[in-house]
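Each step along the sequence shown adds one to the number in the UniProt record's numbering, with nothing skipped, and position 148 is 148.
Backbone N, C-alpha and C define an ideal beta-carbon position, used for all residues, glycine too.
None of these values were measured; they are calculated from a predicted model.
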Amino acid sequence: MTQRTRPDKRHSPNEMRPFYCSSALLSRADGSVRFKSGDSAVMCSVFGPMEVKLRDEKLDKAVVEVIFKTAAGMTTTKERMYERIIRQTLEASILSGLHPRTSIRVTLQVLTDDGGILSTALNAATLALVDAGIPLRSLAASVTCMIDDTGELLLDPTAIELERSASVHTFAFDNVSEGTLANMSTGLFTVDEYMRCYETCRLAAVSVQQLFRTSSEGKVRREYG
């Protein structure tokens, strides 16, 4: 059976969009990254570890704050859910016990959204933490896929493709243990469809982790020569 060309000219349902990042963009932030996947782009800035208000501090670890802003500047229940998922994922990655009674603030600004924006934001946040020099136990590489209304799996869907989705699945994978740090699944799906999505995203995350390694090595070269 001939594969149909996808809206952004990809020829395979298992093909990721091109992605790249640029770092150290904001002089006032401790770390900053612009992460772009296809036509989806997010700017992330990290501030900290820094002083935290007495009522908010934790005696044994740093407090992780996440602010997620859409391109239109709106905040709905979905954005609050994204903030929670990103915060929980980063908390699992950061060695927060090294900086008790401090705060690490992560601000994510959506620049353009053409699908997979939660994965784009998670990857931007991970790279911004690296750029800020925050101690990490692992790096969270995120990938999204969907099952369309015909039962076909599409990796890294665009906004147009998402209009035909029966279910959408976003995963974040730990680069050390290769376990799952986060998962958000919406829609109706079978166990088999979920496992297909999980395995496809797990394999695709390897290329994201390679970008993380390249970015980390570049930071070391810039700072230490």
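| Item | Value |
| --- | --- |
| Taking M81 as part of the alpha helix (DSSP H), name the residues at either end of that continuous run. | T77 to S93 |
| Please state the DSSP three-state secondary structure of K219. | helix |
| Look at the alpha carbon of L59 and the alpha carbon of F212, and state the distance between them as a whole number of angstroms. | 31 angstroms |
| What does a CB cutoff of less than 6 angstroms around S23 pick up in its chain, not counting 5 residues either side in sequence? | V33 and D131 |
| What number of angstroms, rounded off, separates the C-alpha of M74 from the C-alpha of C197? | 30 angstroms |
| Have a look at A182, L129, N123 and E163 and flag the residue whose alpha-carbon is nearest the alpha-carbon of V208. | N123 |
| What is the rounded straight-line gap between the Cα of V176 and the Cα of T77? | 32 angstroms |
| Under three-state DSSP, which class holds G97? | helix |
| Have a look at L154, T158, D114 and A172 and flag the residue whose alpha-carbon is nearest the alpha-carbon of P13. | L154 |
| Starting from V130 and walking both ways along the alpha helix (DSSP H), at which residues does that stretch end? | I117 to A132 |
| Comparing the C-beta of K36 with each C-beta of chain E, is any distance below 8 angstroms? | The chain labelled as chain E is not found in the depicted structure, where only one protein chain is given. |
| Tell me the start and end of each unbroken alpha helix (DSSP H) in the UniProt domain "Exoribonuclease phosphorolytic" (140 to 199) that is at least 4 residues and wholly inside, in chain order. | 159 to 162 |
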